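Just remember that my numbering sits 199 ahead of the position in the sequence shown, which is counted from 1. Note that beta-carbon positions come from the ideal geometry of N, C-alpha and C, so glycine has one too. Here the structure is a predicted model, which is why all the values come from computation and not from measurement.
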Amino acid sequence: MGNMKFSERVRQEREKKGLTQEALAQRLGIQKTRVCMWETNGVVPRQDVFLKLCELFGVGADYLLGNDRITENPVSKKINSIQRMLVELNPIELETAEEILKAAFKRSRKK
């Protein structure tokens, strides 16, 4: 039996993005049957595809694999939330966000 938490989270993240299994497969350059295997049997893809999947969804590997003891950490949840928002930005908005974060880091280090 595969990783059913992975299965559940892939489906949830795919649906959040408004993607069909076929659309997700196309974005990753794989066959739709692979996505179906992930969502049905919890089959975890090979590393290169897995990393593309994490990047596309804007989530960490631990989250997708269901390592809840890591993702339940409040700091990790905040970081994952911020990461998800950043993935949705266009390049100009992302540059602005980066500058804002840099300014916040500088200010917090001075204290």
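Asked, Found
"Separation of Gln-225 from Gly-217, as counted between CA atoms", "14 Å"
"Proximity of Lys-204 and Gly-259 at Cβ, strictly below 9 Å", "no"
"Buried versus exposed call for Arg-306 [16 or more other C-beta atoms within 10 Å across all chains shown]", "exposed"
"Phe-256, buried or exposed, once every other Cβ within 10 Å from all chains shown has been counted against 16", "buried"
"Selected residue, minimal CA-CA separation from Asp-247, among Leu-293, Glu-298, Gly-228 and Gln-211", "Gly-228"
"Per-residue DSSP class, three states only, for Gln-225", "helix"
"Beta-carbon gap between Tyr-381 and Asn-279 smaller than 9 Å", "Nothing can be reported for residue 381, as the shown portion of the chain is limited to 200 through 310."
"Enclosing alpha helix (DSSP H) for Lys-231 [first to last residue]", "231-240"
"Of the residues Glu-254, Glu-238 and Val-286, the one placed nearest Val-209, counting alpha carbons only", "Glu-238"
"Run of the alpha helix (DSSP H) containing Leu-218, from where it starts to where it stops", "It is not in any alpha helix (DSSP H) - Leu-218 carries neither H nor E in the DSSP assignment."
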